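The block underneath contains the structure these notes are about, expressed in structure tokens.
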Amino acid sequence: MFPVSPKFRVPGARRVPGARRVAGAVVTVALLVPLAACGGGDSGESGKDGGGKNVRLTVLAASSLTDVFATAKKEYEKDHPGTRLTISAAGSQELAAQVRQGAPADVLVTADTTTMDGLKGETGTPTVIARNRLVIATREGNPDRIKGLKDLADSGLKVVLADDTVPVGRYSKQILDRQHVTVKPVSKEANVRSVLSKVELGEADAGLVYRTDAATAPDKVDAVDIPDAQNAVASYPAATLKGSGNGEAAAAFVKWLSTAEAQKILRDAGFQKP
């Protein structure tokens, strides 16, 4: 408030003690009210457990889920307009390392229970949402006439496998050892998509991948089935992360993955029932 010059005072008017201070307080309140109304509390960006606000969830998913989770993301966001998903796909062992390092995320889905079990202190109770099996991916048309696992021992073939630290690499080693097949791979890759890519590009004649991964490139690779008795079953557990700032929304997404709608998306992509 500007001071009032004595010559402008109304004759006979009395000064009220503290009037200037009261007026100043009124101005201060008047300024604060609009600021509070414009504050970020209801902007929808806090992402705390939904509550009618916009929530952004980061989902760490095994690389073999890349395509199917892209479809799941669209369907989930359509049915849950307040939620936006970010799918971060990589090898399960890489995802586990991110979780241990405290990377900000809300949900974890791995391609094996071993990796998930190693993170018990970091996750909620996991739920298996799907299963998968391995196939032999060959160059288009299968020019080397590969019929089964034993053919992969041919020293004339360039075979690529995933590293033993990756779920698909462990499954590959398991089924090859069981059949007493010795393979000397030309390379060991960090995830199943890298194995598939090597075969697609002609850098390898064959590789062991999940059935669902081979199905994503039908015009570039052929898939040779491995009999169930010689195969391994991959389980995909999903769990919330304890470090999530969106616990309720994360739990809702994990629960949704077991619904009929989500299970149909997984079946259509070639995944098997949990």
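Sequential numbering from 11 applies to the sequence shown in the numbering used here. Backbone N, C-alpha and C fix where the C-beta goes; we use that ideal spot for every residue, glycine too. Just so you know, these numbers come straight off a predicted model, no measurement behind them.
Alpha carbon to alpha carbon, how far is residue i from residue j?
i    : j    : result
T222 : R141 : 10 Å
E87  : I146 : 35 Å
I139 : V196 : 33 Å
L95  : A121 : 20 Å
A248 : K274 : 17 Å
D278 : T81  : 11 Å
I185 : K252 : 35 Å
G112 : G92  : 26 Å
N64  : E258 : 13 Å
G131 : R110 : 10 Å
V169 : K283 : 30 Å
Y220 : D161 : 18 Å
D89  : W266 : 11 Å
Would residue i and residue j qualify as a contact pair, given that the criterion is a beta-carbon distance under 8 Å?
i    : j    : result
P177 : T125 : yes
D232 : G151 : yes
L171 : G217 : yes
K198 : D173 : yes
A106 : G128 : yes
G191 : L159 : The amino acid at residue 191 is misidentified as Gly; the sequence shows Val. Yes, Cβ-Cβ distance for V191 and L159 is below 8 Å.
S182 : L144 : yes
I97  : K84  : no
A262 : S254 : no
Taking residue i and residue j to be in contact with their CB atoms under 8 Å, please state how far apart those CB atoms are, rounded to whole angstroms.
i    : j    : result
V193 : A163 : 6 Å
T68  : S268 : That belief does not hold up - the Cβ atoms of T68 and S268 are roughly 20 Å apart, past 8 Å.
V209 : R155 : Going by Cβ atoms, the distance from V209 to R155 rounds to 15 Å, so no, they are not a contact pair.
V117 : F281 : V117 to F281, Cβ: 17 Å. No contact.
Q240 : R188 : 7 Å
L75  : Q108 : Contact doesn't hold; Cβ gap of about 15 Å is too wide.
V264 : T250 : 6 Å
How should residue i be labelled, buried or exposed, when 16 other C-beta atoms within 10 angstroms of its C-beta is the threshold for buried?
i    : result
S245 : buried
V202 : buried
A272 : buried
Q103 : buried
L276 : buried
D215 : buried
T226 : buried
S73  : buried
V37  : In this predicted model, V37 has a pLDDT of only 37, less than 50, meaning its place in the structure is not dependable enough to derive any value.
V243 : exposed
A270 : exposed
R165 : Per the sequence presented here, residue 165 reads as Ser, with Arg not at that position. Classification of S165: exposed, given that the 10 Å Cβ count is below 16.
Return yes when at least one heavy atom of the ligand FMN lies under 7 Å from the C-beta of residue i, else no.
i    : result
A227 : Absence of the ligand FMN is noted for the structure shown, with no ligands found whatsoever.
Can you give, in chain order, each stretch of the alpha helix (DSSP H) that sits fully within the segment 158-238 and has at least 4 residues? 177-188, 202-210, 221-224
Unbroken stretches of the beta strand (DSSP E), 3 residues or longer, contained in the segment 99-147: 117-119
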